[in-house]
Amino acid sequence: MEKKYKLAIVGATGLVGRTALKVLEEKNLPNFEYKLFCSKKSAGTKLNFMGKEYITYELTENSFDEGFDFAIFSAGGETSKKYAPIAASKGCIVIDNSSYWRMHEDVPLVVPEVNSEDIKKNTGIIANPNCSTIQAVVPLKVLDDKYKIKRIVYSTYQAVSGAGKNGLEDLLTNASYPDLKKFPHPIHNNCLPHIDVFMEDGYTKEEHKMIDETRKILGKPDLRVTATTVRVPVENCHGESINVEFENDFDLSEVKNLLKNSEGIVLYDDPENNIYPLASVANGRDEVFVGRIRRDFSQANTLNFWCVADNIRKGAATNAIQIMEKMI
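Whatever position you read off the sequence shown (first residue = 1), add 183 for the working numbering.
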C-alpha cells in the first residue's frame, strides 16, 4: 500500500503560499492530504484548491499535533523562528522560505539541481535559499563543476513581487509620497539600488544573502563573491547579470552546450534574432533562462551571462516543492 503524506502549507494566503498551491495543483502529487495555515487575521479565508474549497486555519503551537510529514513555511522569519522547531519536534520536515534558518550551520540550504545530497543532512528543517540566489546557482553549479569558479560579480534587476503584496501595489498604483506601502521611493519609473536594509559595510542585507548563500550552496566558504542588488519596475521575474571568473579556460560553444543540457535550465541565446531571457518569457515557468553568454575580454578565463527566472515560483514556491519531491 502506497504511503499517504500530509502536507501543511503555512502562510497559505500570501503571495508565495498561493503560488505554492498553484504549483501543487499543476503537479497533482498522488497520495497527498493538505491543510492550510495562516495568521490569526487571515484565518477562515476560503481558498479554491485541488477542485474544492479549503478553509485556512490559524497557526498555533498545537497546529502540528495531528501529525504532518512535511510543512512548507512562507510566513516570514519570526513565524519560522517560533513554529518551525515545534513542527520539527513532532516529526514533521519543515521546508522554510524565510531567511531565518538559511545560514544556521546544522540546516541545509538546498537547490535540488545543485546540492540535493545536502537534504540528507537535515535534522527537521531545510532552508529554501533567497530567490535571487536560487536562479544564479543553478547555472553556476554546472560551470563550477567543469571550470572551477574563482570569483563572481552579481548585478541583479529584481521584480517588485519579491517585496510581497505591498511592493506590487506600489508599482501597480504608481504610488508616490506619502502613499508608498513598501519602498522608500516610488518604484514607478525608478530603479532602486536598495533591497532590504543597509548594513554597516554599505552593502544591503540582500547583497549579503547572495554572497553568503552562494558560498554555502556551492560548498565554497572562501569563494570571492560581490553583489549589487537593484529593485526595478517589473511585476515578476528577476533578471541577473553575472560575471564569473574560472580557474580554467573555457570554450564558449562548450559552455552553451553544458547549460543547454543541464536540468532546470533553458538556453535562450540567439542575439542575432533578439532572443535572450526576458521576464515575459520566464513568467509562470519553473526553469532558469540563460542567455547573452559571452567572454569577458578584460579578464582571463571570465564569462558574462544573463539569467532570468520567476522569483515566486523557482525562487520560492517551486524550489520548496522540488525539495519535498526529492525526499519522497
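The beta-carbon is built from N, C-alpha and C at its ideal position, and this holds for glycine as well. Please read all numbers here as calculations on a predicted model, not as lab measurements.
What residue from the options has the CA that sits closest to residue i's CA?
i: residue 485; options: 269, 428, 441, 463; result: 428
i: residue 278; options: 474, 190, 196; result: 190
i: residue 419; options: 330, 222, 386, 466; result: 466
i: residue 455; options: 444, 443, 474; result: 474
i: residue 402; options: 297, 374, 224, 222; result: 297
i: residue 227; options: 334, 394, 194; result: 194
i: residue 231; options: 201, 250, 257, 224; result: 201
i: residue 441; options: 285, 241, 289, 324; result: 324
i: residue 213; options: 188, 237, 234; result: 188
i: residue 437; options: 330, 301, 341, 199; result: 330
i: residue 198; options: 335, 498, 505, 461; result: 498
i: residue 261; options: 229, 237, 222, 299; result: 222
i: residue 327; options: 493, 445, 271, 254; result: 445
i: residue 346; options: 370, 477, 236, 265; result: 370
i: residue 286; options: 271, 383, 399, 496; result: 399
i: residue 477; options: 271, 453, 469; result: 453
i: residue 196; options: 186, 225, 211; result: 225
i: residue 468; options: 450, 458, 496; result: 496
Measure the alpha-carbon distance for residue i versus residue j and round it to whole angstroms.
i: residue 463; j: residue 350; result: 19 Å
i: residue 219; j: residue 392; result: 29 Å
i: residue 363; j: residue 207; result: 33 Å
i: residue 413; j: residue 390; result: 10 Å
i: residue 407; j: residue 448; result: 24 Å
i: residue 209; j: residue 482; result: 44 Å
i: residue 541; j: residue 250; result: This structure cannot speak to residue 541, because the chain is shown only from 184 to 511.
i: residue 487; j: residue 435; result: 11 Å
i: residue 335; j: residue 409; result: 6 Å
i: residue 343; j: residue 372; result: 13 Å
i: residue 394; j: residue 411; result: 10 Å
i: residue 504; j: residue 493; result: 15 Å
i: residue 216; j: residue 238; result: 14 Å
i: residue 383; j: residue 377; result: 14 Å
i: residue 265; j: residue 293; result: 21 Å
i: residue 236; j: residue 246; result: 20 Å
i: residue 352; j: residue 242; result: 26 Å
Looking at the unbroken alpha helix (DSSP H) that takes in residue i, where does it start and where does it end?
i: residue 435; result: 435-443
i: residue 261; result: 260-272
i: residue 503; result: 501-510
i: residue 350; result: 347-355
i: residue 412; result: From DSSP, residue 412 is part of no alpha helix (DSSP H) but of the beta strand (DSSP E) over 407-414.
i: residue 464; result: 462-465
i: residue 297; result: 295-298
Taking the beta strand (DSSP E) that residue i belongs to, which residues open and close that run?
i: residue 394; result: Careful: residue 394 lies outside any beta strand (DSSP E), inside the alpha helix (DSSP H) at 388-401.
i: residue 424; result: 421-429
i: residue 276; result: 276-279
i: residue 365; result: Where residue 365 is concerned, there is no enclosing beta strand (DSSP E), given that its DSSP letter is neither H nor E.
i: residue 332; result: 332-341
i: residue 477; result: 471-478
i: residue 210; result: Unbroken run through residue 210 is the alpha helix (DSSP H), 198-210; no beta strand (DSSP E).
Using a Cβ-Cβ cutoff of less than 6 Å, which residues in the same chain neighbour residue i once the five nearest sequence positions on both sides are dropped?
i: residue 304; result: 291
i: residue 204; result: 232
i: residue 263; result: 256, 279, 281, 283
i: residue 258; result: 193, 194
i: residue 404; result: 398
Measuring CB to CB, does residue i end up less than 8 Å from residue j?
i: residue 131; j: residue 422; result: Residue 131 falls outside the range modelled here, since the chain spans only 184 to 511, and no answer is possible.
i: residue 244; j: residue 276; result: no
i: residue 267; j: residue 308; result: yes
i: residue 153; j: residue 310; result: For the chain, the structure presents residues 184 to 511; residue 153 sits outside this window and is missing.
i: residue 380; j: residue 471; result: no
i: residue 302; j: residue 506; result: yes
i: residue 479; j: residue 426; result: yes
i: residue 417; j: residue 460; result: no
i: residue 273; j: residue 248; result: yes
i: residue 316; j: residue 397; result: yes
With a threshold of 8 Å between beta-carbons, can residue i be considered close to chain B, or not?
i: residue 461; result: Structure shown: chain B not included; a single protein chain is present.
Below 7 Å CB to CB, which residues in the same chain sit around residue i once its five sequence neighbours on both sides are set aside?
i: residue 375; result: 366, 368, 413, 414
i: residue 306; result: 289
i: residue 314; result: 345, 421, 494, 498, 499
Does the distance between the C-beta of residue i and the nearest non-hydrogen atom of the ligand ATP fall short of 7 Å?
i: residue 286; result: Questions concerning the ligand ATP fall outside what the structure shown contains, since it holds no ligand whatsoever.
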